[in-house]
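See below for the structure under consideration.
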Amino acid sequence: MTDNEDIEEIKQEKAAKIVYIALTAVIVLTMIISVVSAVNRRNRAKTPPAEVTESDGTSAPDQGMLPQITVPADTSRQQPGPQETKPAQTEPAHTEPAQSAAEPQEQDEPASAERIFVVPVNGSVIKDYTMDMPAYSVTMNDYRVHNGMDLRAYPGDPVCAFADGVVAQIYFDPMMGQTVVIDHGKGLQSVYQNLQVTLPDKTEVGAAVSAGDVIAAVGETSLIECAEVTHLHFSLKKDGAFVSPSDYLGPVYATEE
Numbered sequence: 022m023t024d025n026e027d028i029e030e031i032k033q034e035k036a037a038k039i040v041y042i043a044l045t046a047v048i049v050l051t052m053i054i055s056v057v058s059a060v061n062r063r064n065r066a067k068t069p070p071a072e073v074t075e076s077d078g079t080s081a082p083d084q085g086m087l088p089q090i091t092v093p094a095d096t097s098r099q100q101p102g103p104q105e106t107k108p109a110q111t112e113p114a115h116t117e118p119a120q121s122a123a124e125p126q127e128q129d130e131p132a133s134a135e136r137i138f139v140v141p142v143n144g145s146v147i148k149d150y151t152m153d154m155p156a157y158s159v160t161m162n163d164y165r166v167h168n169g170m171d172l173r174a175y176p177g178d179p180v181c182a183f184a185d186g187v188v189a190q191i192y193f194d195p196m197m198g199q200t201v202v203i204d205h206g207k208g209l210q211s212v213y214q215n216l217q218v219t220l221p222d223k224t225e226v227g228a229a230v231s232a233g234d235v236i237a238a239v240g241e242t243s244l245i246e247c248a249e250v251t252h253l254h255f256s257l258k259k260d261g262a263f264v265s266p267s268d269y270l271g272p273v274y275a276t277e278e
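Following our numbering, the numbering of the sequence shown begins with 22 at its first residue and continues without gaps.
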């Protein structure tokens, strides 16, 4: 019985240590979040939000500063083939000329317009999308996957919409900080994180935005990436799964120092 009592006491001591460690971790995390919030409030006091809202949230920065990628529409199915135009010249009574005459109307539909993708900030990539191979995290001091692209920027730098779309979500993520999500249709969404808490007045859920519109400003609200240099964490989702931003933007380089 004495041995059993000793074993039971050891188990209780281990359980108490585990509970103590867990409580200590929660307290430390709470203190870190409080410090980060205090730093953010100090930065906002030094950098008034008016610098972002003066543009009313819709004005785009100098287009020479933000690289643009133009994706031409697929018009191969809209151009009438030679077999459709030939009967119109040789057989006036045939019904095919009426169909070919209606086809040019499809070229005037919005679907034929080109899509433009814009790099959200004017900065180089400091950490790329790495879902297949873990990358080193300076903040966490370990290796982990990275679901987006970190673009070098300074606190208060404007953040632009990646493409035309509608603001789908605005929320504060405990780990990644202030977050804005834009829905671009056809299952494509862009996610902007580590933003300033204060957003332009016109950045609200349901608001329509165009490629290059200013939707936020770079902040320092990401707890899990706070040891990195200041940056925008930019990611893309296709049908709910993260995809590489490079698939849409190609190689990204800073256009100016």
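Ideal Cβ positions, reconstructed from N, Cα and C, are used throughout, including at glycine.
All values derive from a computational prediction rather than experimental measurement.
Review point. Thinking C-alpha only, which one of Q214, E249, A232 and I203 is nearest N168?
Key: Q214
Exercise for review: Look at the Cβ atom of G198, then the Cβ atom of Q217, and state whether they are nearer than 7 angstroms.
Suggested key: no
Check your understanding: Does DSSP put V40 in a helix, a strand or coil?
Key -> helix
**Study point:** Whole-angstrom distance between I147 and F255, CA atom to CA atom
**Key:** 12 angstroms
Practice item. Measure the alpha-carbon distance for D268 versus Y150 and round it to whole angstroms. Key: 10 angstroms
Point to revise | Runs of beta strand (DSSP E) wholly within the region 173 to 205 (minimum 3 residues, chain order) | key: 179 to 181, 186 to 194 and 198 to 204
Point to revise | With 16 other Cβ atoms within 10 Å as the buried cut-off, status of L270 | key: buried
Check your understanding: Between the Cα of M170 and the Cα atoms of G144, D194, V159 and I191, which residue gives the shortest distance?
Key -> G144
Practice item. Could you please give me the residues that DSSP links to S158 through a beta bridge? Key: D163
Check your understanding: Measuring CB to CB, does A182 end up less than 7 angstroms from I245?
Key -> no
Review point. Quick one: complete beta strand (DSSP E) runs, 3+ long, within the region 208 to 273?
Key: 209 to 216, 235 to 238, 252 to 259 and 262 to 264
Point to revise | Three-state class that DSSP yields for V49 in the structure shown | key: helix
Point to revise | Where V139 sits in the DSSP three-state scheme | key: strand
Exercise for review: Tell me whether F193 is buried or exposed, calling it buried when 16 or more other Cβ atoms sit within 10 Å of its Cβ.
Suggested key: exposed
Practice item. Please confirm whether V202 and A184 have their CB atoms less than 7 angstroms apart. Key: no
**Study point:** Alpha-carbon spacing of D222 relative to A37, whole angstroms
**Key:** 50 angstroms
Check your understanding: Should H205 and G227 be called a contact, given that it needs their Cβ atoms to be closer than 7 angstroms?
Key -> no
Review point. Are the beta-carbon atoms of A229 and G177 separated by less than 7 angstroms?
Key: no
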